[in-house]
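Presented below is the structure to which this report refers.
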Amino acid sequence: MKQEIIKPGRYRHYKGNEYEVIGVGSHSETLEAMVIYRPLYGEGGLWVRPAAMWSEIIEKDGVTQKRFEYIGEASLKKDEL
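Counting from 1, one number per residue, gives the positions in the sequence shown under the UniProt record's numbering.
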């Protein structure tokens, strides 16, 4: 199965919270693609998650949906970070 392209910008998790994807990098040992992101709520910080997991289609309460849905370009400017 072909890996979905994960572009920088805002995403909504299926549970409702929003995140900003900074980019996609590679794990230094395994070369696995990893998404670098920050939550747009709470204390923030930078996080990583395997790209395959980021792009997963999940089933919740009988509904099939993307784990993260792209909702647009990031709205934060560099001086706001």
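Note that beta-carbon positions come from the ideal geometry of N, C-alpha and C, so glycine has one too.
Cutoff 8 angstroms; reference residue i; Cβ partners in own chain excluding five residues on either side
i     : result
Tyr70 : Lys7, Gly9, Arg10, Tyr11
Ile57 : Thr64, Gln65, Lys66, Arg67
Best match in the options for proximity to residue i [C-alpha to C-alpha]
i     : options                    : result
Ala52 : Ala33, Val21, Gly42, Gly45 : Ala33
Val48 : Glu29, Lys60, Tyr14, Val24 : Val24
Thr30 : Leu40, Pro39, Pro50        : Pro50
Glu20 : Pro39, His13, Tyr14        : Pro39
Straight-line Cα distance separating residue j from residue i
i     : j     : result
Ala74 : Gly62 : 31 angstroms
Ile22 : Trp54 : 13 angstroms
Gly16 : Ser26 : 27 angstroms
Cutoff 7 angstroms; reference residue i; Cβ partners in own chain excluding five residues on either side
i     : result
Gly72 : Gly9, Arg10
Glu4  : Ser55
Continuous beta strand (DSSP E) assignments of at least 3 residues falling wholly in the UniProt domain "DUF1653" (9-70): 9-13, 18-26, 33-39, 47-50, 57-60, 63-66
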